[in-house]
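What follows is a single structure, written as structure tokens, with notes after it.
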Amino acid sequence: MFSKKLIFISFLILFAIPIIAYSFFPSSNFNIWLSTRPILAQIYAFPLATATMVSILSFVFFSLSFYKKNKQICFYSGILLLLSFILLLFGTDKTLSSASNKTKTLKLVTWNVANQIEAQHIERIFIHFDADIAIFPELATNIRENREDREDQENQQIQLLFQQVGLSISNYDIFTSPPTDSGIAPVTVIIKKSYGFYTKAETFHTTRFGTIVLHSRKQNLPDIIALHTAPPLPGLMEVWKQDLHIIHNQLASKYPKAIIAGDFNATMRHGALTKISSHRDALNVLPPFERGTWNSQSPKLFNATIDHILLPKNHYYVKDLDIVSFQNSDHRCIFTEITF
Numbered sequence: 048m049f050s051k052k053l054i055f056i057s058f059l060i061l062f063a064i065p066i067i068a069y070s071f072f073p074s075s076n077f078n079i080w081l082s083t084r085p086i087l088a089q090i091y092a093f094p095l096a097t098a099t100m101v102s103i104l105s106f107v108f109f110s111l112s113f114y115k116k117n118k119q120i121c122f123y124s125g126i127l128l129l130l131s132f133i134l135l136l137f138g139t140d141k142t143l144s145s146a147s148n149k150t151k152t153l154k155l156v157t158w159n160v161a162n163q164i165e166a167q168h169i170e171r172i173f174i175h176f177d178a179d180i181a182i183f184p185e186l187a188t189n190i191r192e193n194r195e196d197r198e199d200q201e202n203q204q205i206q207l208l209f210q211q212v213g214l215s216i217s218n219y220d221i222f223t224s225p226p227t228d229s230g231i232a233p234v235t236v237i238i239k240k241s242y243g244f245y246t247k248a249e250t251f252h253t254t255r256f257g258t259i260v261l262h263s264r265k266q267n268l269p270d271i272i273a274l275h276t277a278p279p280l281p282g283l284m285e286v287w288k289q290d291l292h293i294i295h296n297q298l299a300s301k302y303p304k305a306i307i308a309g310d311f312n313a314t315m316r317h318g319a320l321t322k323i324s325s326h327r328d329a330l331n332v333l334p335p336f337e338r339g340t341w342n343s344q345s346p347k348l349f350n351a352t353i354d355h356i357l358l359p360k361n362h363y364y365v366k367d368l369d370i371v372s373f374q375n376s377d378h379r380c381i382f383t384e385i386t387f
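Right under this line is the structure:
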């Protein structure tokens, strides 16, 4: 009897500590450490799914305890139910207001295409939505390298897709992150020339699968940082943690007025991301259950919010945001209109 009681108490403690840290002290060093531990890092990515499943399970045991008149099970399941409600209510950021009196706009799309982009996506993004800037982590661009001027090389794949929908690639600038030895396609950014003349800045710190820093020569247009991190998988955990540190320390801190977007492979409560105070996630204008971006083939409840658009606080506001699921990729596509 004593051993069973000890097991229940130990389980509750092990469950309660990360939930309390994650829910109430997300930027604490303790939570940063916990959220980058194997297994916990993966569980942390799905706070709503975890909270919902645990609450259902604990409610079942709570109900059975009355039927069997077992006060111990009733007590333990009640505590577990309370903890799951805490995670459900406080395990995600509050929904933010999108109200703003700003008049300038930017239509931005970010989508990890898993190297599966098609003409219908180009039509949806650049014709129907009329995107000014599109960020595509994991897109092979087929750019023929040239030491003198690699940016002027023809992008065969994108050019063909644009032609198929009646658009001219000459009206857009294409930027691609330097190749890595990861076997993962780089990050590609496509910008409408009429929106702003952007140039690529030299980047000394890059995330594992690519980072691009872009400056506009037009006044009052935001810098754009596009990135793709390593995932928190066995063998890549340390690289993933370092990527999150780069986003906080080398990108958000040094470019406080830049829009930072792409595939972070982490929620904003993972690792060093929790310390970012200069930006807020555009996805927070949606209710928590609507923010999931991965896996697109699963119900939204079981999705993780690992793709982000970080906007400098008090400078940029979300006028409209929609998350769309395309069958080709396991990531959902984020459409947003930003005012500033």
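Sequential numbering from 48 applies to the sequence shown in my numbering. Every residue, glycine too, gets a C-beta built ideally from N, C-alpha and C. In this text the structure is predicted, and so the values were computed from the model without any measurement.
Please name the residue in the options whose C-alpha comes closest to that of residue i.
i    : options                   : result
T157 : S229, S131, E185 and I56  : E185
Y69  : Q163, H378 and R316       : R316
Q266 : S82, Y245 and P279        : Y245
K141 : D354, D328 and P346       : D328
H275 : S324, I323 and S224       : S224
Y91  : F373, V371, A351 and L208 : A351
A187 : T150, D177, G230 and K154 : G230
I174 : S215, L134, A146 and V236 : S215
L357 : Q204, T235, F222 and P303 : P303
K288 : A88, A146 and F72         : A88
What is the C-beta distance between residue i and residue j, in whole angstroms, given that I count them as a contact (C-beta under 8 Å)?
i    : j    : result
T386 : Y364 : 5 Å
F132 : S112 : At roughly 18 Å, the Cβ-Cβ gap does not stay under 8 Å, so F132 and S112 are not in contact.
D290 : T254 : 4 Å
P335 : T139 : 4 Å
Which residues in the same chain have their Cβ closer than 7 Å to the Cβ of residue i, if we skip the five residues on either side of it in sequence?
i    : result
L10  : Because the chain is modelled from 48 through 387, residue 10 falls outside the range shown and cannot be assessed.
D199 : Caution applies to D199, whose pLDDT of 44 falls short of 50 and renders its modelled position unreliable; the model cannot decide the point.
S74  : T321 and K322
A63  : L130
L268 : G243
Taking all protein chains shown into account, do 16 or more other C-beta atoms lie within 10 angstroms of the C-beta of residue i, making it buried, or fewer, making it exposed?
i    : result
F109 : buried
G282 : exposed
L161 : The sequence as given places Ala at residue 161; Leu does not occur at that position. With 16 or more other Cβ atoms within 10 Å, it is buried.
H355 : buried
L129 : exposed
T150 : exposed
I54  : exposed
S144 : exposed
N218 : exposed
Excluding the 5 residues preceding and the 5 following residue i in the sequence, name in chain order all residues of the same chain whose CB lies nearer than 8 Å to its CB.
i    : result
Q211 : A166 and I169
I370 : L330, L333, E337, R338, G339, T340, R379, C380, I381 and F382
I79  : G318, A319, T321 and K322
N375 : V160, A161, Q163, I164, E165 and H168
S325 : A299, S300, P303, P359 and K360
Quick one: residues in its chain with C-beta nearer than 6 Å to the C-beta of residue i, no 5 flanking neighbours on either side, listed in chain order?
i    : result
K360 : R327
F93  : A351
A248 : V260 and H262
I182 : T157, V236, A273, A308 and G309
| Counting only runs that start and end within the region 290-361, where is the beta strand (DSSP E) found for 3 or more residues in a row? | 306-310, 326-328 and 354-359
Which runs of the alpha helix (DSSP H) spanning at least 4 residues fall entirely within the region 124-185, listed in chain order? Qualifying alpha helix (DSSP H) stretches, in chain order: 166-169.
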